[in-house]
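Take a look at the structure set out below.
Residue numbers (our numbering): 452 to 583.
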């Protein structure tokens with residue numbers, strides 16, 4: 452959207468003289484709709500990520516205790532339960548951090564890809580010019 456807006460601002464005088472306002476208006480509106488769609492999608496994925504992280508942090512103790520009692524068919528006594536809960540409490544930061552890490556990865560990937568493309572292109576131009 453910013454690319455379309457920059458093009459519009461740079462050529463505003465020519466657009467007014469040639470009466471191309473409806474065409475540019477449609478371009479800007481299409482860019483806005485695309486940006487809004489992308490923002491909605493990103494927010495939905497972020498909400499799903501947070502929800503899955505919350506469910507995972509609750510599901511870990513339940514699955515451990517279920518495995519212990521159903522599969523291994525052992526009785527769950529307080530010493531085992533409190534030991535497992537203490538261990539899970541120590542791991543809670545790692546479990547809660549995972550959704551945030553996925554969000555950071557999703558936000559940083561496009562920027563890293565753009566930087567990589569730019570740096571590779573500039574390296575190709577330097578090699579083509581005979582430099583290092």
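For each residue, glycine too, the CB sits at the ideal point set by N, CA and C.
On a predicted model such as this, the values are computed, not experimentally measured, just so you know.
Q.
One question on the structure: do residue 507 and residue 549 come within less than 9 Å of each other, judged by their Cβ atoms?
A. Against a cut-off of 9 Å, the Cβ pair of residue 549 and residue 507 comes out as a contact.
Q: For residue 504, count neighbouring C-beta atoms within 10 Å of its own C-beta (all shown protein chains included) and say buried if the count is 16 or more, exposed if not.
A: The residue in question, residue 504, is buried, as its Cβ has 16 or more Cβ neighbours within 10 Å.
Q: Please work out which residues of its chain come closer than 8 Å, Cβ to Cβ, to residue 420, disregarding the five sequence neighbours upstream and downstream, and give them in chain order.
A: Shown here, the chain extends from 452 to 583; a query on residue 420 therefore has no answer.
Q | Rounded C-alpha distance that separates residue 545 from residue 533 | A | Each residue's Cα considered, the two are about 19 Å apart.
Q) Can you give the Cα-Cα distance for residue 493 and residue 558, rounded to whole angstroms? A) Rounded to the nearest angstrom, the two C-alpha atoms are 9 Å apart.
Q) Where does residue 462 sit, in a helix, a strand or coil, going by DSSP? A) In the three-state reduction of the DSSP assignment, residue 462 falls in the coil class, being assigned neither a helical nor a strand state.
Q) Just how far apart, CA to CA, sit residue 553 and residue 567? A) Computed Cα separation, rounded: 20 Å.
Q: Return the chain-ordered list of same chain residues with a C-beta closer than 7 Å to the C-beta of residue 490, the five sequence neighbours on each side being excluded.
A: Cβ within range, chain order: n/a, list empty.
**Q.** residue 499 to residue 551 span [Cα, whole Å]
**A.** Rounded to whole angstroms, the gap between the alpha carbons of residue 499 and residue 551 is 12 Å.
Q: Specify the secondary structure class of residue 472 as computed by DSSP and reduced to three states.
A: Note: residue 472 maps to helix in three-state DSSP.
Q: Report the residue ranges of all alpha helix (DSSP H) runs contained in full by the region 519 to 553; include only those spanning at least 4 residues, in chain order.
A: DSSP assignment within the region 519 to 553 yields no whole alpha helix (DSSP H) run of 4 residues or more.
Q) Taking Cβ to Cβ, would you say residue 511 is nearer than 9 Å to residue 542? A) Taking a C-beta distance under 9 Å as the contact criterion, residue 511 and residue 542 qualify as a contact pair.
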